Amino acid sequence: MRRILVAGNWKLNGSKASIQKLVTGIVAGAENLTDVSIAVCAPYVYLPFTAELLTKSVVGLGAQDVSEQDSGAYTGEVSASMLLETGCKYVIVGHSERRALFGEKDMDTARKFAAARKQGLIPILCLGESLAEREAGMTEVVVARQLDAVLELEGVQALNDAVIAYEPVWAIGTGKTATPEQAQAVHAFIRQRLAALDAGVAAKVQILYGGSVKGSNAAELFAMQDIDGGLIGGASLDAQEFLTICQAGQ
Ligand code: PEP
Numbered sequence: 087m088r089r090i091l092v093a094g095n096w097k098l099n100g101s102k103a104s105i106q107k108l109v110t111g112i113v114a115g116a117e118n119l120t121d122v123s124i125a126v127c128a129p130y131v132y133l134p135f136t137a138e139l140l141t142k143s144v145v146g147l148g149a150q151d152v153s154e155q156d157s158g159a160y161t162g163e164v165s166a167s168m169l170l171e172t173g174c175k176y177v178i179v180g181h182s183e184r185r186a187l188f189g190e191k192d193m194d195t196a197r198k199f200a201a202a203r204k205q206g207l208i209p210i211l212c213l214g215e216s217l218a219e220r221e222a223g224m225t226e227v228v229v230a231r232q233l234d235a236v237l238e239l240e241g242v243q244a245l246n247d248a249v250i251a252y253e254p255v256w257a258i259g260t261g262k263t264a265t266p267e268q269a270q271a272v273h274a275f276i277r278q279r280l281a282a283l284d285a286g287v288a289a290k291v292q293i294l295y296g297g298s299v300k301g302s303n304a305a306e307l308f309a310m311q312d313i314d315g316g317l318i319g320g321a322s323l324d325a326q327e328f329l330t331i332c333q334a335g336q
């Protein structure tokens, strides 16, 4: 069976003091959670500090974005090899905030996905529709288009070393969670689309749900057949709340 993964996305939040408190709390609580994988995705500048705090812990480190370039004249960019050297195991690619606020296109995300994999990082590929797209009945069309960009560039086997996160944009940071049934339907759609290409890859890949996951709703989401954990924004900034979500994955 697929193992549950709970990954925190801190976004543009934190200071050395708050991260020290948060990570110390998570590491202490995570010791007893042996049946769930846990990760935290920190802002770039705090990755080395967070890596230090995670030394000898089972909690994995991730970044929130990566350059599609390896090196060169790309001011402000951070490459996958730099993330790897800093202790990262995961990197989020194609988060809806990158797509909506920073103009990231499906193929940009696919190239970031490729750059991450090339260095041995595990990309967490975010897919998801906006409210307008859902209301127009376009959820599957949008999610398929976003997924297909990666499949076209990298091929289905690439998903053997990757994680998918289904994050309906209307549920992110809004307090409005997709019902377990709504989320399950899209997760099953994603898995079926992969199964049409390779049944083994489809059966293995972890598909996380993201969008206002909290301690109070994590268990019912994680109980669904095709939901293999969560990508957690706001609730990952509180150690107790985050650990309650992780506990739901045990
Ligand atoms: C996210 O940003 O990936 C996310 C799911 O945020 P939140 O949990 O706050 O909705």
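My numbering runs 86 ahead of the 1-based position in the sequence shown. Cβ coordinates follow ideal geometry from the N, Cα and C atoms, glycine included. Quick caveat, the model's predicted, so the values are computed rather than measured.
Item to complete: Between the Cα of Gly-315 and those of Tyr-130, Asp-324, Tyr-252, spot the shortest distance and give me the residue it belongs to.
Response: Tyr-252
Worksheet item: With a Cβ-Cβ cutoff of 9 angstroms, do Gln-232 and Thr-260 count as a contact?
Response: no
Discussion item. Considering only heavy atoms of the ligand PEP, does any lie closer than 8 angstroms to the CB of Asn-99?
Written reply: no
Discussion item. Whole angstroms are fine: how far does the CA of Tyr-295 sit from the CA of Thr-263?
Written reply: 10 angstroms
Worksheet item: Ends of the alpha helix (DSSP H) at Ala-202?
Response: 192 to 204
Discussion item. Given a cut-off of 9 angstroms on the beta-carbon distance, is the pair Gly-206 and Ile-258 in contact?
Written reply: no
Worksheet item: What is the C-beta distance between Ala-289 and Phe-308, in whole angstroms, given that I count them as a contact (C-beta under 8 angstroms)?
Response: Not really, about 18 angstroms apart at Cβ, beyond 8 angstroms.
Worksheet entry | Collapsed DSSP secondary structure at Leu-233 in the structure displayed | helix
Worksheet item: Around the Cβ of Phe-188, are there at least 16 other Cβ atoms within 10 angstroms (buried) or fewer (exposed)?
Response: exposed
Practice prompt. Would you kindly work out how many angstroms separate the C-alpha atoms of Ala-137 and Asp-151, rounded to a whole number?
Written response: 17 angstroms
Worksheet item: Where in the stretch 96 to 173 do unbroken runs of the beta strand (DSSP E), each at least 3 residues long, occur, reported from the N-terminal end onward?
Response: 122 to 127, 146 to 149
Worksheet item: By how many angstroms is the C-alpha of Glu-226 removed from the C-alpha of Ala-321?
Response: 27 angstroms
Fill in: Element boundaries [alpha helix (DSSP H), containing Ala-222]
Run containing Ala-222: none; DSSP gives neither H nor E here.
Worksheet entry | Selection from Leu-239, Thr-172, Gln-155, Asn-246 that minimises the alpha carbon distance to Thr-141 | Thr-172
Discussion item. Since Ile-250 and Val-291 should fall inside the 8 angstroms C-beta cutoff, what is the C-beta to C-beta distance between them, to a whole number of angstroms?
Written reply: 6 angstroms
Discussion item. Considering only their Cβ atoms, is the gap separating Ala-201 from Glu-154 smaller than 9 angstroms?
Written reply: yes
Worksheet item: Hey, out of Val-131, Asn-99, Val-126, whose CA is closest to Ile-112's CA?
Response: Val-126
Discussion item. Once DSSP output is grouped into helix, strand and coil, what is the label at Pro-209?
Written reply: strand
Discussion item. Let me check one thing: in DSSP terms, what residues is Ala-251 bridge-paired to?
Written reply: Cys-212, Leu-294
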